[in-house]
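**Q** According to our numbering, the sequence shown is numbered sequentially starting from 1.
Where is the CB? At the ideal position from N, CA and C, for every residue including glycine.
Handing you this structure, nothing more for now.
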Amino acid sequence: MRTFGYRRAGTVADAVEQASAPGARFYAGGTNLLDLMKSGVENPASLVDVGRLGLDTVWRTPGGAVMLGSGVTNTAAANHRLVRVDHPVLSQAILSGATAQIRNMATVGGNLMQRTRCPYFMDPGFEHCNKRIPGSGCAARDGLNREHAVFGTELACVAVHPSDMAVALAALDAVVHVTGPQGPRTIPIAEFFVLPDPNPEVDNTVGPTELITAVELPPTAGPSHSWYLKVRDRQSYAFALVSVAAVLRFDGDVIASAAVALGGLAARPWRVPDAEARLAGRRPTEESFGHVADLMLAGASPLRHNAFKVPLAKNAIVRALTLAAGRG
Ligand code: SF4
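So, in structure tokens, the structure goes:
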């Protein structure tokens with residue numbers, strides 16, 4: 001049995017200070033971290049419980065942004081009126097993930113910080129995993145990689161990020177608020193997740209002693225039409241093979257702007273802004289959506305067992321955009 005310390009933080013400043021102890025880790029819902037501790041993938045010396053810091057509210061700023069406290073549960077975030085009305089694509093994404101029981105425990109901050117579900121990472125019995133043991137190699141590259149990346153496959157790790165919520169946040173240009181020893185700062189979601197090189201063990205740009213305090217959803221520039229489409233091996237309780245968060249804004253009958261984020265294909269939610277921009281001024285047709293899908297997927301470089309993801313992603317992009325366009 002491995003022992004570890006536990007202490008409940010009283011304030012954000014207290015949590016940040018406690019996190020500076022060697023081997024300390026933040027703990028909130030525990031839906032991923034505790035599993036990894038049980039399997040021996042994670043071995044923190046102590047847990048800093050940040051579950052009672054009052055970060056569990058959703059509010060609107062005077063400027064119109066919707067703020068999600070990092071301790072808001074996934075269930076509460078998905079069902080909050082401000083999210084459902086202003087950003088329904090986020091509700092859809094969150095509700096497509098995990099189980100109701102897990103969503104009741106998992107938090108907004110924890111969702112962003114969850115680790116990949118690559119089976120070679122999840123099982124310490126496998127010796128070759130650059131994310132778990134940097135420099136040890138990548139068992140998935142020549143192993144079972146059906147569920148792995150099609151972008152960035154030349155890198156040291158070919159795992160995908162498992163979060164549905166993050167894909168919607170990417171399409172919404174969310175901003176992550178963190179507080180660390182140097183005080184608060186913000187991280188645009190496009191700069192939050194990192195690709196595996198040169199440090200495959202690092203998933204994001206949050207420092208080890210920085211605590212996520214909130215996620216900001218910027219105000220929308222007028223009404224939007226959106227859809228989150230998740231394709232998976234079974235109807236529920238499964239991670240995405242491919243997912244698409246599509247957000248469209250219209251000027252009359254033509255598209256004024258489009259945001260399309262892809263999940264299940266890379267170490268981070270994948271966007272191709274140049275491709276998205278091609279939709280501006282176009283009518284919402286299958287042809288225009290297919291053209292954008294081709295552009296978005298042009299850089300894909302599948303592994304041995306996941307080439308199917310490329311045509312699957314094309315169909316998913318076209319379908320998500322079509323469903324978004326048809327939504328009032
Ligand atoms: Fe490890 Fe990444 Fe390779 Fe999976 S894909 S075995 S997480 S290095």
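Name the residue from 61, 271, 169 and 255 whose alpha carbon lies nearest to the alpha carbon of residue 88.
**A** In the sequence shown, counting from the first residue as 1, residue 88 sits at position 88. Ranking the options by Cα distance to residue 88, first place goes to 169.
**Q** In angstroms, rounded to a whole number, what distance separates the CA positions of residue 236 and residue 99?
**A** Locating residue 236 in the sequence shown gives position 236, where the first residue counts as 1. Locating residue 99 in the sequence shown gives position 99, where the first residue counts as 1. Going from the Cα of residue 236 to the Cα of residue 99 covers about 8 Å.
**Q** By the three-class DSSP mapping on this structure, what secondary structure does residue 328 have?
**A** As a first step, residue 328 is located in the sequence shown; it is residue number 328 there, counting from the start. The predicted model places residue 328 with a pLDDT of 45, which falls under 50 and marks its position as unreliable; any figure quoted below should be read in that light. If DSSP states are grouped into helix, strand and coil, residue 328 belongs with coil.
**Q** Between residue 148 and the ligand SF4, is the CB less than 8 Å from at least one heavy atom?
**A** The sequence position of residue 148 within the sequence shown is 148, counting from 1. Under cutoff, so the answer is yes.
**Q** Could you tell me the distance, in whole angstroms, from the CA atom of residue 260 to the CA atom of residue 94?
**A** On the sequence shown, position 260 is the one that residue 260 refers to. On the sequence shown, position 94 is the one that residue 94 refers to. So the alpha carbons of these two residues sit roughly 17 Å apart.
**Q** Count the other C-beta atoms from every protein chain shown that fall within 10 angstroms of the C-beta of residue 107, then say buried if there are 16 or more, exposed otherwise.
**A** Looking up residue 107 in the sequence shown gives position 107. So residue 107 counts as buried.
**Q** Starting from the N-terminal side, write out each stretch of the beta strand (DSSP E) that is 3 residues or longer and does not extend beyond the stretch 239 to 278.
**A** If we require 3 residues or more, the beta strand (DSSP E) runs fully inside the stretch 239 to 278 come out as 242 to 251 and 254 to 263.
**Q** Please look up how many angstroms separate the CB atoms of residue 324 and residue 246, rounded, as I've assumed it's under 8 Å.
**A** The residue given as residue 324 occupies position 324 in the sequence shown. The residue given as residue 246 occupies position 246 in the sequence shown. That pair is a contact at about 4 Å.
**Q** Expressed to the nearest angstrom, what Euclidean distance is found between the alpha-carbon atoms of residue 194 and residue 255?
**A** Against the sequence shown, residue 194 aligns to sequence position 194. Against the sequence shown, residue 255 aligns to sequence position 255. Distance between the alpha carbons of residue 194 and residue 255: 31 Å.
**Q** May I ask you to verify whether the stretch 101 to 115 touches the stretch 68 to 82, counting CB pairs closer than 8 Å and requiring at least 3?
**A** The stretch 101 to 115 vs the stretch 68 to 82: in contact.
**Q** DSSP has residue 178 in a bridge; who is on the other side?
**A** Position 178 of the sequence shown, counted from the start, is the residue given in the question as residue 178. Looking at the DSSP assignment, residue 178 forms a beta bridge with 185 and 212.
**Q** Could you check which residue in 64, 144, 113 and 243 has the C-alpha nearest to that of residue 120?
**A** Reading the sequence shown from its first residue, position 120 is the one you call residue 120. Nearest option by C-alpha distance: 144.
**Q** Can you pull every residue whose C-beta falls closer than 5 Å to some heavy atom of the ligand SF4, listed in chain order?
**A** Listed along the chain, these residues meet the criterion: 118, 120, 121, 129, 130, 131, 138, 139, 140, 157, 158 and 159.
**Q** Using DSSP's beta-bridge definition, name the partner residues of residue 226.
**A** Here residue 226 is taken as the residue at index 226 of the sequence shown, counted from 1. Answer by DSSP bridge pairing, in chain order: 247.
**Q** What does residue 138 pair with, by DSSP beta-bridge criteria?
**A** If you number the sequence shown from 1, residue 138 lands on position 138. Residue 138 pairs with 129.
**Q** Mind checking residue 328: buried by the 16 CB within 10 Å criterion, or exposed?
**A** Walking along the sequence shown from the start, residue 328 turns up at place 328. The predicted position of residue 328 is uncertain, since its pLDDT is 45 and thus under 50; a value taken from the coordinates is nonetheless stated next. Looking at its Cβ environment, which holds fewer than 16 other Cβ atoms inside 10 Å, residue 328 is exposed.
**Q** Report the three-state DSSP secondary structure of residue 45 (helix, strand or coil).
**A** The residue labelled residue 45 in the question sits at position 45 within the sequence shown. Reduced to three states, the DSSP call for residue 45 is coil.
**Q** Which whole-angstrom value is the C-beta distance of residue 311 and residue 167, which I expect to be below 8 Å?
**A** Against the sequence shown, residue 311 aligns to sequence position 311. Against the sequence shown, residue 167 aligns to sequence position 167. Going by Cβ atoms, the distance from residue 311 to residue 167 rounds to 19 Å, so no, they are not a contact pair.
**Q** State yes or no: is the C-beta of residue 200 nearer than 8 Å to some heavy atom of the ligand NAP?
**A** Of the ligands this structure carries, namely the ligand SF4, none is the ligand NAP.
**Q** What does the Cβ neighbour count give for residue 141, buried or exposed, with the cut at 16 atoms within 10 Å?
**A** Working through the sequence shown from its first residue, we reach residue 141 at position 141. Residue 141 should be labelled buried.
**Q** Taking the alpha carbon of residue 252 as the point to measure from, which residue in 284, 272 and 216 has its own alpha carbon closest?
**A** Within the sequence shown, numbered from 1, the residue matching residue 252 stands at position 252. Cα-wise, what sits closest to residue 252 is 284.
**Q** Under 9 Å between the Cβ atoms of residue 176 and residue 112?
**A** Along the sequence shown, read from residue 1 onward, the residue named residue 176 stands at position 176. Along the sequence shown, read from residue 1 onward, the residue named residue 112 stands at position 112. Yes, the pair counts as a contact, with Cβ atoms nearer than the cut-off.
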